[in-house]
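Per the working numbering, residue 133 is the first one in the sequence shown, and the count goes up by one each step.
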Amino acid sequence: MKHERMLASAMVLLALAGCGAGNQSADNAAAPSQMRQGGMLMADTPQVNNAFPGNLSQYTISGPNLTVTDNVGGQVTPVPPKALLQFADTTVSLDVDDGNPAKAYRLYQAAFNRLPDLAGLGAQINGLNNGLSMEQVAQGFVNSKEFADTYGNLDSVQFVTLLYNNVLKRAPEPAGLAFHVGHLDGTNPDGRVFSRALVLTGFSESDENKALVADRIRNGIEYIPWGTSGPSNPATDFAGIYNGPLSGGDSGTVSLTVTASGALVGTVHSNGWNIDMSGVTGIAPGGRFALDVSGGGHTGTFTGSFNLGSGLATGFWNYPGTTAVGTFNGSSKPPVVALRFPQVQAIINQRCVVCHSASIANAGVRLDSEALIRAQAGLINTVAVQSTFMPLGNATGMTPDERALIGKWISDGTPP
133 MKHERMLASA
143 MVLLALAGCG
153 AGNQSADNAA
163 APSQMRQGGM
173 LMADTPQVNN
183 AFPGNLSQYT
193 ISGPNLTVTD
203 NVGGQVTPVP
213 PKALLQFADT
223 TVSLDVDDGN
233 PAKAYRLYQA
243 AFNRLPDLAG
253 LGAQINGLNN
263 GLSMEQVAQG
273 FVNSKEFADT
283 YGNLDSVQFV
293 TLLYNNVLKR
303 APEPAGLAFH
313 VGHLDGTNPD
323 GRVFSRALVL
333 TGFSESDENK
343 ALVADRIRNG
353 IEYIPWGTSG
363 PSNPATDFAG
373 IYNGPLSGGD
383 SGTVSLTVTA
393 SGALVGTVHS
403 NGWNIDMSGV
413 TGIAPGGRFA
423 LDVSGGGHTG
433 TFTGSFNLGS
443 GLATGFWNYP
453 GTTAVGTFNG
463 SSKPPVVALR
473 FPQVQAIINQ
483 RCVVCHSASI
493 ANAGVRLDSE
503 ALIRAQAGLI
513 NTVAVQSTFM
523 PLGNATGMTP
533 DERALIGKWI
543 SDGTPP
């Protein structure tokens, strides 16, 4: 990183803040905190360019290609540059270079050395959208308990060294360290004094940090917009069985069972390895999960979410140690409804009674009453389910589904 470029970034941010170096007011410093606590009025919410009915985990976003692909239905939707995308459970911005979402994301990462939480990121984006400067937002971070826990009570040398380690993932070069410490302590030839918040923004918006963060946000920045909330359903709301295929670098099947207590039990069959893998995990409020499975000497990781509205479980998988990646989707298994005799009788009346009744009893077989149908269940199974011999020549057009329904009724013990 060229520390002169960091100075240029810091000077621009200082101008945007509208205040002199080291002359930050208490009101300005408190603004980000007030915003997070709901004390700040929102300006117009940025306009959503495209809305999608499924959860984010149902789609593959390609930021460079400006497309969103539905991994279940296969539809590919073009989206405009810097688009704001709304999904059933979250929001994603493709303004990933110098827009407010990208700036807020990088600042979060720089301040706390971690990925942003979605609601907190939404609050900071809202602050920038409402006119707060980067230094003001950064000052809110500097004033926070998490920042104090991360950086502690450090002198300027220790503080800048930790910024290099946490933000740029390397040790400082001597000239860069002296440059930044000089601006914090006011010992540089220009005599300017920078706040720690301003130095933090310089690191955050440096070319070196932008390059480090770029791959993580290339396909969008996810956040929960200020004033809204994501799904918060308890895990038990998703109880059921979700079955479906694997796609991508392997084929096979996945079965996800959410128990009545909210545990997630997953079983996966890999066609590529011809093995079964399984695992157990929990489900976060709202339906997101990360499941590790293993078996046959192999492992897999499945991340995704459940959508109550669509009854789908969707997401992405990978096999650690390999290049195999892909998507999965499973639909909730509908409850099994026991077949009842009236359904079977309706089929037989339409397809069979024309030739097997009191008036016409071919081969001496009658099927025009419940008792007669039950008495002939074994014969019906032989000639109309296990084979298609009857109806003769299928003259009455009995369908495969109808034969299956009759077969299920018989295998279930001919319930009433």
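From the three backbone atoms N, C-alpha and C, an ideal C-beta is built for every residue, glycine too. Remember, predicted model here, so these are calculated numbers, not experimental data.
Three-state class that DSSP yields for residue i in the structure shown
{"i": "L198", "result": "coil"}
{"i": "Q166", "result": "Bear in mind that a pLDDT of 37 at Q166, under 50, signals an unreliable position, so the number given afterwards is only what the model happens to contain. Reduced to three states, the DSSP call for Q166 is helix."}
{"i": "L532", "result": "According to the sequence provided, residue 532 is Pro. The question's Leu does not apply to it. The answer is helix: DSSP assigns P532 an H, G or I state."}
{"i": "V345", "result": "helix"}
{"i": "T192", "result": "strand"}
{"i": "A493", "result": "strand"}
{"i": "G545", "result": "coil"}
{"i": "N182", "result": "strand"}
{"i": "L423", "result": "strand"}
{"i": "I353", "result": "strand"}
{"i": "A306", "result": "Per the sequence shown, residue 306 should be read as Pro rather than Ala. P306 falls in the helix class under three-state DSSP."}
{"i": "T222", "result": "coil"}
{"i": "G314", "result": "helix"}
{"i": "L216", "result": "strand"}
{"i": "T360", "result": "coil"}
{"i": "P210", "result": "strand"}
{"i": "T514", "result": "helix"}
{"i": "T319", "result": "coil"}
{"i": "G404", "result": "coil"}
Within 8 angstroms, strictly: CB atoms of residue i and residue j
{"i": "A243", "j": "L332", "result": "yes"}
{"i": "V400", "j": "D408", "result": "yes"}
{"i": "P304", "j": "T293", "result": "yes"}
{"i": "N232", "j": "I257", "result": "yes"}
{"i": "N324", "j": "H315", "result": "Going by the sequence as given, residue 324 is Arg instead of Asn. It is a contact, given that the beta carbons lie within the stated cut-off."}
{"i": "V457", "j": "I353", "result": "no"}
{"i": "N375", "j": "S437", "result": "no"}
{"i": "P363", "j": "D249", "result": "no"}
{"i": "Y355", "j": "L247", "result": "no"}
{"i": "A422", "j": "T391", "result": "no"}
{"i": "A236", "j": "L260", "result": "yes"}
{"i": "R483", "j": "P523", "result": "yes"}
{"i": "T553", "j": "G380", "result": "The question about residue 553 has no answer, for the chain in this structure spans 133 to 548."}
{"i": "A490", "j": "D500", "result": "yes"}
{"i": "G404", "j": "D382", "result": "yes"}
{"i": "P357", "j": "T531", "result": "no"}
{"i": "G419", "j": "N439", "result": "yes"}
Beta-carbon contacts of residue i that lie in its chain and below 6 angstroms, excluding the five residues immediately before and after
{"i": "F521", "result": "V515"}
{"i": "L173", "result": "Any answer about L173 is weak, because its pLDDT of 45 lies below 50 and its placement is not dependable; what the coordinates show is given next. Excluding positions up to five away in sequence, the list is empty."}
{"i": "N245", "result": "N298"}
{"i": "L216", "result": "P178, V180, N181 and S225"}
{"i": "Q218", "result": "V180 and A183"}
{"i": "Q518", "result": "none"}
{"i": "A158", "result": "Caution applies to A158, whose pLDDT of 29 falls short of 50 and renders its modelled position unreliable; the value that the coordinates give is listed next. The answer is none, since no qualifying residue turns up."}
{"i": "G539", "result": "V517"}
{"i": "T368", "result": "G394"}
{"i": "T528", "result": "R483"}
{"i": "D533", "result": "none"}
Chain-order list of residues whose beta-carbon lies under 7 angstroms from that of residue i (same chain, five-residue window excluded)
{"i": "T209", "result": "N182, T199 and V200"}
{"i": "R302", "result": "Y296"}
{"i": "N351", "result": "I193, S194 and G195"}
{"i": "A329", "result": "E267, A270, Q271 and V274"}
{"i": "N494", "result": "C487 and H488"}
{"i": "N341", "result": "R238, A242, V299, L300 and F335"}
{"i": "Q475", "result": "L537"}
{"i": "R506", "result": "T546"}
Cutoff 8 angstroms; reference residue i; Cβ partners in own chain excluding five residues on either side
{"i": "P366", "result": "G394 and P417"}
{"i": "G432", "result": "V400, S402, M409, D424, V425, S426, W449, N450, Y451 and P452"}
{"i": "V610", "result": "The structure shown has nothing for residue 610, since the chain only spans 133 to 548."}
{"i": "A147", "result": "Confidence in A147 is poor, its pLDDT being 35 and thus under 50, which makes the residue's placement unreliable; the coordinate value appears in the next sentence. There are no such residues."}
{"i": "V211", "result": "N181, N182, L198, T199, V200, L217 and L226"}
{"i": "D281", "result": "none"}
Beta-bridge partners of residue i, as assigned by DSSP
{"i": "A445", "result": "F438 and G462"}
{"i": "T399", "result": "S387 and S410"}
{"i": "G380", "result": "G458"}
{"i": "Y451", "result": "Note: Y451 sits in no beta bridge, so no partner."}
{"i": "N375", "result": "S387 and S463"}
{"i": "G205", "result": "In the DSSP output, where bridge partners are listed per residue, G205 has none listed."}
{"i": "T433", "result": "D424 and N450"}
Within-8 angstroms CB hit, residue i to chain C
{"i": "A343", "result": "Absent here is chain C; the protein component of the structure consists of one chain."}
Complete alpha helix (DSSP H) runs within the stretch 238-303 (minimum length 4 residues, chain order) | 250-261, 266-274, 277-283 and 288-295
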